[in-house]
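Okay, structure first, notes after.
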Amino acid sequence: TPNNTIGSLTKTTAPADLSPILLPSPPAYKKGEKMATRRAYGTALARLGKSSQRVVALDGDTKNSTFSDTFRKAFPERYIECFIAEQNMVGVAIGCATRDRTVAFASTFSAFLARAYDQIRMGAISQTNVNLVGSHCGVSIGEDGPSQMALEDLAMFRAIPTCTVFYPSDAVSTERAVELSANTKVDKRLVLGFFFFSTVMFPEKGLTMSSCFKHFHYVLRASVSSVPVDRRLQSSILQMRSLKWALPR
């Protein structure tokens, strides 16, 4: 009977493993090395996948741009290709993360996550623990045109209740932000850029809430002093050189 089936499944299903998921080793970057944050995301995701079988990845047919393909090649059985259907991708990711059975990372271009606003909002209301990753943020995508530019994504996610936003500035902070996001409850948003950036963080130092604030102020001061006044209005200059940490509302 259905009741017996449910009872049988309950007895045979192992409890969810809620232990912390940590990078197996510090990020392997040298100070001054240039690396796109989206490439560092793929590397970090694959490294986390080695640490825990709970880590799964989803993508909206942009895996070669978001570098989630790095995870797919390492763990094809834990990768879900959702194609150009971002609303469905977010729904599947929320389902994967139900009851903490998996730690789901769903990635696409930042601009395309706007299509799934209702799913993201309802997921937050339902206290989902999903990780949404958007690359090519702001105007950094340049010649690909305005239809690909994410100019509203930060405002959109800051309006989501309980949502935490990570905005890493280099490869090291990206890997540490992915690690921190995997262990942070409630809805998360990771913002990634298109350009290559010099490494400014020390690989052996992990990210915490307080260090996110300190690193943001350090990089922002360095960015402002090195950018000509007539270019400071270009959003990608300051946004992409800063780590923006927004506390959950």
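The sequence shown runs 1 to 249 under UniProt numbering. In this text, a Cβ means the ideal position worked out from N, Cα and C, and glycines have one as well.
Quick check on this structure: which residue in the options has the alpha carbon closest to the alpha carbon of residue i?
i, options, result
"A114", "Q87, Q127, V103 and A93", "Q87"
"K144", "L23, F109 and K188", "The question names Lys, but residue 144 is Asp in the sequence shown. The candidate whose alpha carbon is nearest that of D144 is F109."
"V55", "K31, N64 and I80", "I80"
"R78", "N131, A57, S135 and Y29", "A57"
"P20", "R121, N183, K50 and L190", "N183"
"P76", "V133, E152, K50 and G142", "K50"
"V90", "V133, S181 and L154", "V133"
"A116", "S140, A85, I141 and D170", "A85"
"R121", "A111, D170 and I94", "I94"
"M156", "S65, A111 and V92", "A111"
"Q127", "P146, A97, N64 and A74", "A97"
Cβ of residue i within 8 Å of Cβ of residue j?
i, j, result
"L45", "T62", "no"
"L23", "E152", "no"
"M35", "Y41", "no"
"F67", "R39", "yes"
"T37", "T164", "no"
According to DSSP, is residue i helix, strand or coil?
i, result
"R78", "helix"
"D187", "coil"
"residue 256", "Here the chain comprises residues numbered 1 to 249, so residue 256 is not present and cannot be evaluated."
"residue 289", "Examination of residue 289 is not possible in this model, given that the chain is present from 1 through 249 alone."
"L18", "coil"
"C163", "coil"
"V139", "coil"
"G134", "strand"
"A171", "helix"
"T62", "coil"
"S107", "strand"
"Y218", "Caution applies to Y218, whose pLDDT of 41 falls short of 50 and renders its modelled position unreliable; the value that the coordinates give is listed next. Reduced to three states, the DSSP call for Y218 is helix."
"A36", "strand"
"A57", "strand"
"F83", "coil"
"K30", "coil"
"P146", "helix"
"T128", "coil"
Alpha carbon to alpha carbon, how far is residue i from residue j?
i, j, result
"P161", "A124", "6 Å"
"R101", "C137", "30 Å"
"A177", "F166", "7 Å"
"M149", "T43", "24 Å"
"L106", "S52", "A small correction: the amino acid at residue 106 is Ala; Leu does not occupy that position in the sequence shown. When rounded, the distance between both Cα atoms is 17 Å."
"Q119", "D187", "12 Å"
"G60", "K31", "33 Å"
"V172", "E33", "10 Å"
"S135", "V191", "6 Å"
"M209", "L48", "A caution first: M209 carries a pLDDT of 46, below 50, which makes its placement in the model too unreliable to give a value."
"P27", "R189", "21 Å"
"S181", "N129", "10 Å"
"I141", "P15", "43 Å"
"L92", "A74", "Residue 92 is actually Val in this sequence, not Leu. Cα to Cα, the separation comes out at about 21 Å."
"F83", "D170", "28 Å"
"L18", "R72", "23 Å"
"V139", "S25", "33 Å"
"S147", "P168", "24 Å"
If residue i sits next to residue j, beta carbons under 8 Å apart, how far is it from one beta carbon to the other, in whole angstroms?
i, j, result
"A159", "N131", "So it is not a contact: roughly 18 Å between Cβ atoms."
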